[in-house]
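This note's numbering runs 1115 ahead of the 1-based position in the sequence shown.
So the structure is just underneath, and the comments pick up after that.
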Amino acid sequence: MIRDVLRMGDPRLWQPSAPVKRFGTPELESLLQDLRDTMAAQTGAGLAAPQIAVPLQVVIFGVEKSARYPDAPPVPYTELINPVLTPLSDEMEDGWEGCLSVPGLRGVVPRYTELRYEGFDGQGAKIAREVSGFHARVAQHECDHLLGILYPMRMRDFTRFGFTDIVFPELADAAAD
Ligand code: NI
């Protein structure tokens, strides 16, 4: 079911989320389905459970070829529960981000270039990957939602924060936000 996405300013987005305790349940499968449906409807690169007002540590992400991110390399579709992120070096890089909870805006955010993420899928099977670049960026963005952090809180240069149709006029037709 497509759910409403909370927008920045809603205090529920600032709350840390709780770990999932039981895997393979109908409730968890229903949550994952709602996340899939909602992300697909919005053509997002990722979505975290607190964005649909469910305060659990569940994120999904993946990019095939997105009109919202035409230059982004593909990221495999992933459902990640109770994630733990570990940077593999201190190196960070800047890149543009948007968020379905911050519609109409884009900003440049520093993120770790390489990291390891671990967690579980909906059935409780372990996931562990070492990723870099845009894949690492998307994982950091989504997992930040579980800490109650939205990307503007990670920004350092607010001259590189603006409305999508101003900053990326070529996306104006393709992207709702
Ligand atoms: Ni987001």
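Every residue gets a Cβ at the ideal spot worked out from N, C-alpha and C, and that includes glycine.
The model shown is predicted, which means the values in this text are computed figures rather than measured ones.
For this session: Using only alpha-carbon positions, find the residue among M1270, I1242, R1118 and W1211 that is nearest to M1154.
Result: Start at 1 with the first residue of the sequence shown, and residue 1154 comes out as number 39. Comparing Cα-Cα distances from M1154 to each of M1270, I1242, R1118 and W1211, the minimum goes to R1118.
For this session: Go to I1281, then tell me how far its alpha helix (DSSP H) extends in each direction, as first and last residue.
Result: For the purposes of this step, residue 1281 is taken as residue 166 along the sequence shown, with counting starting at 1. Per DSSP, I1281 belongs to the alpha helix (DSSP H) from T1279 to V1282.
Any non-hydrogen atom of ligand 1 closer than 7 Å to H1260 Cβ | Numbered from 1 along the sequence shown, position 145 holds the residue referred to as residue 1260. Checking every heavy atom of ligand 1 against the Cβ of H1260, one is found closer than 7 Å.
Practice item. Just tell me which of E1208, L1146, L1147 and G1219 has its CA closest to the CA of L1230. Key: Within the sequence shown, residue 1230 is the residue found at index 115, counting from 1. Closest by alpha carbon: E1208.
State the DSSP-derived secondary structure class of G1237, mapped to helix, strand or coil. Within the sequence shown, numbered from 1, the residue matching residue 1237 stands at position 122. Reduced to three states, the DSSP call for G1237 is coil.
Taking CB distances under 8 Å as the criterion, tell me whether L1262 reaches chain B.
The chain labelled as chain B is not found in the depicted structure, where only one protein chain is given.
*CB contact flag (P1165, R1221, <8 Å)*: Counted from its first residue, the sequence shown places residue 1165 at position 50. Counted from its first residue, the sequence shown places residue 1221 at position 106. No.
- Classify D1152 as helix, strand or coil using the three-state DSSP reduction. Here the question's residue 1152 lines up with position 37 in the sequence shown. It is helical.
Item to complete: With DSSP as the reference, label G1177 as helix, strand or coil.
Response: Locating residue 1177 in the sequence shown gives position 62, counting from the first residue. The answer is strand: DSSP assigns G1177 an E or B state.
Note to self: Please state whether the Cβ-Cβ distance between A1187 and F1176 is less than 8 Å.
What the structure shows: Within the sequence shown, the letter at position 72 stands for residue 1187. Within the sequence shown, the letter at position 61 stands for residue 1176. Going by C-beta atoms, A1187 is not nearer than 8 Å to F1176.
**Prompt:** Could you give the distance in angstroms between the alpha-carbon of L1147 and the alpha-carbon of G1237?
**Reply:** Taking the first residue of the sequence shown as 1, we reach residue 1147 at position 32. Taking the first residue of the sequence shown as 1, we reach residue 1237 at position 122. Their backbone Cα atoms lie some 8 Å apart in a straight line.
Who are the near neighbours of V1169 in its chain, counting only those whose CB is closer than 7 Å to its CB and skipping five residues on each side?
One-based indexing of the sequence shown puts residue 1169 at position 54. The answer, listed in chain order, is L1146.
Which whole-angstrom value is the C-beta distance of L1261 and V1174, which I expect to be below 8 Å?
As a first step, residue 1261 must be located in the sequence shown, where it is residue number 146. As a first step, residue 1174 must be located in the sequence shown, where it is residue number 59. Right, the Cβ-Cβ distance comes to about 7 Å (below 8 Å), so this counts as a contact.
Inset, instruction - Pick helix, strand or coil for A1290, following the three-state DSSP scheme. - result: Indexing the sequence shown from 1 puts residue 1290 at position 175. Residue placement at A1290 is poorly supported in this model, since its pLDDT is 46, which falls under 50; the coordinates still yield a value, given next. Here A1290 sits in coil by DSSP.
Which one of P1284, L1203, L1171 and P1185 has the shortest CA to CA distance from L1195? On the sequence shown, position 80 is the one that residue 1195 refers to. The candidate whose alpha carbon is nearest that of L1195 is L1171.
Starting from V1199, trace the beta strand (DSSP E) in both directions and tell me its first and last residue. Position 84 of the sequence shown, counted from the first residue, corresponds to residue 1199. Start and end: V1190 to P1202.
If we ignore side chains and look at the alpha-carbon of each, how far apart do V1135 and Y1232 end up?
-> The residue labelled residue 1135 in the question sits at position 20 within the sequence shown. The residue labelled residue 1232 in the question sits at position 117 within the sequence shown. Distance between the alpha carbons of V1135 and Y1232: 17 Å.
Mind checking which residues open and close the alpha helix (DSSP H) that includes E1257? Taking the first residue of the sequence shown as 1, we reach residue 1257 at position 142. Counting along the chain, the alpha helix (DSSP H) containing E1257 begins and ends at G1248 to H1260.
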